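Scroll down for the structure; my scribbles are underneath it.
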Amino acid sequence: MPPFNPLPLWGRNRRAHPIMLMPAGSSDLYERRKGVYPKAVDGFYRRLKWAVMVVTLTIYWVTPWLRWDRGPYAPDQAVLIDLAHRRFYMFAIEIWPQEFYYVAGLLIMAGVGLFLVTSAVGRAWCGYACPQTVWTDLYQHVERFIDGDRNAQIRLAKAPWTPAKVARRLLKWSVWLAIAFLTGGAWIFYFADAPTLQQQFWTGTAAPVAYATVGVLTATTFVLGGFMREQVCIYMCPWPRIQTAMLDEKSLVVTYKDWRGEKRGSLKKAEAHPGDYGDCIDCNQCVAVCPTGIDIREGPQIGCITCALCIDACDKVMAQVGRPRGLIDYCTEDDAEAERKGAAPRPVLRTLLRPRTIAYFTLWCGIGLAMLFALGARTRIEISAQQDRNPIAVRLSDGMVRNAYTVKLRNMEARPRPMAVTVEGLPGARLWTDAMTRDEARPVLAATVPADSVAKLRLFIALPGAGPQRQDFRFAVRATDREGGGDSEPARFERPQ
Amino acid sequence: MADDKHIDAATGTEFKGHEWDGIRELDTPLPRWWLWTFYATILFAIAYTIAYPAWPMIHGATRGMLGWSSRGALDKELAAREAQVAPIRKAIAETPVEALPGKPQLMQAAVEGGRAAFRVHCVQCHGSGAAGSKGYPNLNDDDWLWGGDLATIEKTIFDGVRNPDHAATRMSQMPAFGRDQLLTAAQVDDVVAYVRTISRQDRLGAAAQRGAKLFADNCAVCHGPAGHGNRALGAPNLTDGIWLYGGDADTIHQTVWNSRQGVMPRWGDKLDKATVRMLAAYVHSLGGGEAAPVVATAKGAGDAGR
């Protein structure tokens with residue numbers, strides 16, 4: 230009797246899966262990941278990256294804790310996306326959901342801003358300010374602190390899993406996890422009052438979505454910053470592809486000046502045959518420091534995020550061997566061609582001013598100014614009126630006809646405002662609400678609308694029973710405080726047929 | 002079967018035996034994880050049909066070991082909702098209806114609750130917009146048979162109209178003047194003419210003048226000498242522009258000849274106190290609601306019909 234086989238469909242063939250029969254490595258669908266262990270480096274661009282990291286992380290972690298006094302009726306958090314109440318606060322600006330086009334405008338500005346930056350300084354976003362870059366940088370710094378620099382890291386990666394290695398790994402992962410938790414944790418403070426939410430968070434009374442958000446963002450930060458790193462830039466992110474399409478021959482890219490560097494050779498060889506070798510001593514420092522593990526000497530490539538660390542590394546080596554700096558440097562393709570033909574290197578700043586960058590900059594400023602103008606000129610009072618449809622008209626005992634309306638008064642200021650509602654185009658019409666009797670009806674109805682909210686009124690109008698079946702008029706509202714302002718809305722009065 | 006001809010050289014996998022234009026299909030085995038997932042779904046399906054109602058039987062279906070049912074789930078949801086609004090209902094039930102407007106939040110809750118209850122219990126006669134129809138009063142207007150303040154509306158809803166089984170019910174009995182031969186046919190015509198006059202639909206003529214006398218003798222006891230009605234008796238105001246059954250001569254003639262005996266259920270028997278109170282608040286909010294009776298009496302009885 231054959232032994233029990235739980236996998237009859239599979240077991241009938243009793244052969245390995247075809248994939249397993251393939252020669253190792255020859256026809257894998259995916260390229261095997263090479264370990265990247267970037268070496269520490271110091272220099273101008275490394276310091277610039279430190280500065281950008283400090284600034285961006287400070288902005289990220291400090292912003293929710295900034296306060297901004299908006300008076301007693303609005304939250305005092307400087308930047309707050311209040312989803313529950315559908316308000317977006319940014320310092321002096323408050324945006325209601327129907328004003329979401331300001332956010333759309335900001336996104337368009339961000340898009341044009343990226344065009345501008347890309348056409349001027351290439352993939353500077355990728356190299357300096359992208360969260361993936363900033364957090365990976367931070368994680369790598371932690372890694373160097375715990376595991377040592379490049380060579381020690383490579384040794385440790387190859388080492389067997391001894392208790393010492395396990396301890397080191399656990400320590401590193403704990404620090405990473407702590408950073409990831411702080412990263413994920415800070416995000417939620419943009420969506421609620423930060424001090425309150427922090428207290429709720431630690432006492433376990435915050436909303437489940439807060440914990441879920443922190444959990445997801447902690448996990449993604451930990452995985453993306455700790456393990457996936459350059460894979461995100463090379464495989465996952467669409468931006469390198471878009472940027473590659475946007476770069477032109479006048480964009481700054483990190484360039485290995487091969488006409489100066491080739492033919493590569495060690496100092497010894499160069500000393501032996503001075504004429505045959507270029508400035509590159511083939512020390513591989515540019516490869517060792519690269520956070521995405523590429524060799525810039527192979528030319529521009531999608532893996533290059535233009536972080537310029539190879540420039541720092543190469544400059545240092547050039548200084549040590551007494552050759553001029555800039556064998557690897559920021560350089561446009563046009564300038565590279567010119568230099569190849571013998572022109573002197575052009576200062577980097579000179580490359581920034583050109584029609585394309587000026588056009589993007591003008592567009593960017595134009596959108597910004599238009600939004601500022603719109604923000605300054607927007608009305609802070611609105612009225613809307615909806616007529617009762619069932620029944621449309623009610624005949625009253627004295628023969629008059631009554632129509633009812635649901636009128637909404639929107640006060641978008643962070644303070645209560647007195648308003649007056651009137652009717653334009655219905656001579657003799659008087660208004661009353663469901664809180665008043667008809668005897669109290671009056672031509673002008675006063676109402677105080679609470680700060681930053683919508684007041685809903687049910688308004689009645691009664692007119693003589695004889696008249697046109699339909700009369701168009703307008704509901705008007707104006708603020709009766711010093712600041713004034715107002716709005717009006719068309720409506721109609723109907724009589725039964 | 003497994004001879005060399007049927008094995009693909011590159012992968013070592015058997016062919017299915019089909020061939021299309023030189024393209025042959027490999028009998029590639031399923032990945033193991035896929036197969037396990039497949040078995041797991043089968044096990045899940047079996048467990049599911051045991052745990053939940055599934056198999057159709059002759060009378061109904063298996064009930065499942067968890068005892069779940071869609072009706073039970075609905076009941077649970079309704080009970081949860083009920084528990085949620087219970088404090089509000091309790092507060093409404095404990096607040097006298099006249100005191101509701103003094104608590105705007107409670108009043109608003111009552112109006113909204115009443116709106117929902119009205120959709121269930123009242124729209125059949127009064128219409129979804131409470132605009133009524135012939136014989137069923139329009140609750141939006143300012144004409145009330147029994148009174149339009151909160152307490153009176155609540156009592157009308159609670160006790161209903163013309164429920165013979167309950168002493169407290171709203172009861173107005175207009176005689177069938179023609180059918181019961183209290184008035185002759187000619188006299189009924191005269192009264193109708195007079196009623197058409199006081200409601201300013203016709204000019205005063207000879208018939209109406211005759212009718213005035215008849216009205217004073219037969220009708221004024223309930224409808225008042227001027228025809229302004231009497232809410233204490235549920236007698237409608239005959240001088241205003243609103244007619245429950247119609248103000249044309251034929252309809253008024255029918256009304257006088259046969260009388261009208263519209264009824265409304267006694268909702269106090271069917272609904273709890275809070276629901277009746279919420280219905281009163283809703284009806285009062287429709288636009289014709291009147292202030293509390295203290296104010297109404299202060300204004301004077303002459304205003305009562307307005």
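Which chain is which? The protein sequence lines are A and B, in order. Using my numbering, you'd call the opening residue of the first sequence number 230 and step up by one each time. Using my numbering, you'd call the opening residue of the second sequence number 2 and step up by one each time. Cβ coordinates follow ideal geometry from the N, Cα and C atoms, glycine included. None of the values given here were measured: they were computed from a predicted structure.
- Of all residues in the stretch 141 to 167 of chain B, only N141, D142, D143 and D144 come within less than 7 Å of chain A when Cβ atoms are compared, listed by chain position.
- In this structure, A111(B) lies near R278(B), with their beta-carbon atoms less than 9 Å apart.
- Beta-bridge pairing by DSSP links V483(A) to Y559(A).
- Of all C-beta pairs linking the stretch 400 to 417 of chain A to the stretch 451 to 464 of chain A, three or more are shorter than 8 Å, placing the two stretches in contact.
- The bridge partners DSSP lists for A62(B) are P57(B).
- Taking V550(A) as reference, the option from Y589(A), G494(A), D505(A) and V636(A) with the minimal CA-CA separation is G494(A).
- The beta carbon of R618(A) sits closer than 9 Å to some beta carbon of chain B.
- The continuous stretches of beta strand (DSSP E) do not include K387(A), which lies in the alpha helix (DSSP H) extending over residues R379 to K387.
- Listed in chain order, the alpha helix (DSSP H) elements of length 4 or more contained wholly in the stretch 433 to 494 of chain A are 437 to 452, 468 to 475 and 487 to 490.
- Residues of the same chain with a CB within less than 8 Å of the CB of G289(B), apart from the 5 flanking positions on each side, are L140, N141, D142, D143, D144, W145 and G149 in chain order.
- Pairing L79(B) with I93(B) gives a Cβ-Cβ distance that is not under 9 Å.
- Taking a Cβ-Cβ threshold of 8 Å, none of the residues of chain A is close to D76(B); the smallest such distance is about 26 Å.
- Inter-segment contact for the stretch 531 to 545 of chain A and the stretch 478 to 489 of chain A is present: three or more beta-carbon pairs are separated by less than 8 Å.
- Interface criterion not met: the Cβ of E26(B) is under 9 Å from no Cβ in chain A.
- Taking 9 Å as the cut-off, the beta carbon of C543(A) is found closer than this to the beta carbon of C515(A).
- Between A152(B) and P105(B), the CB-CB gap reaches or exceeds 9 Å.
- If you draw a straight line from the Cα of P693(A) to the Cα of M629(A), it is about 4 Å long.
- Contact check between the stretch 181 to 197 of chain B and the stretch 257 to 270 of chain B: three or more CB pairs, one atom from each, fall below 8 Å, which counts as touching.
- Under the 9 Å criterion on CB atoms, A435(A) is classed as non-interfacial with respect to chain B.
- The stretch 619 to 637 of chain A and the stretch 276 to 284 of chain A do not touch, with fewer than 3 CB-CB distances between them shorter than 8 Å.
- From the beta-carbon of A633(A), the residues of chain B found nearer than 7 Å are G288.
- Within chain A, the residues placing a beta-carbon under 8 Å from that of I243(B) are R624, L625 and S626, ordered along the chain.
- The Cβ neighbour count for H224(B), taken over all protein chains shown within 10 Å, is at least 16; the residue is labelled buried.
- Residue contact with chain A for A236(B): absent (no Cβ-Cβ distance below 9 Å to any residue of chain A).
- Using a C-beta cut-off of 8 Å, the stretch 460 to 477 of chain A makes contact with the stretch 347 to 359 of chain A, since at least three inter-stretch Cβ pairs fall below that distance.
- Bridge partners of P88(B) according to DSSP: none are assigned.
- Residue contact with chain B for F704(A): absent (no Cβ-Cβ distance below 9 Å to any residue of chain B).
- Within the stretch 107 to 136 of chain B, the residues whose Cβ lies closer than 7 Å to some Cβ of chain A are S129, G130 and A132, listed in chain order.
- Burial of T240(B) is indicated by the presence of at least 16 other C-beta atoms within 10 angstroms of its C-beta.
- Between the stretch 269 to 285 of chain B and the stretch 111 to 120 of chain B, the count of Cβ pairs shorter than 8 Å is three or higher; the stretches touch.
- Closer than 9 Å to the CB of T666(A) there is at least one CB belonging to chain B.
- Only exposed fits Q109(B), as fewer than 16 other CB atoms lie within 10 angstroms of its CB.
- Only buried fits L638(A), as 16 or more other CB atoms lie within 10 angstroms of its CB.
- Collapsing the DSSP output to three states places L31(B) in coil.
- Closest option to P553(A), judged by alpha-carbon separation, among T709(A), I525(A), G507(A) and A517(A): G507(A).
- The beta-carbon separation of I596(A) and G334(A), rounded to 6 Å, stays under the 8 Å limit for a contact.
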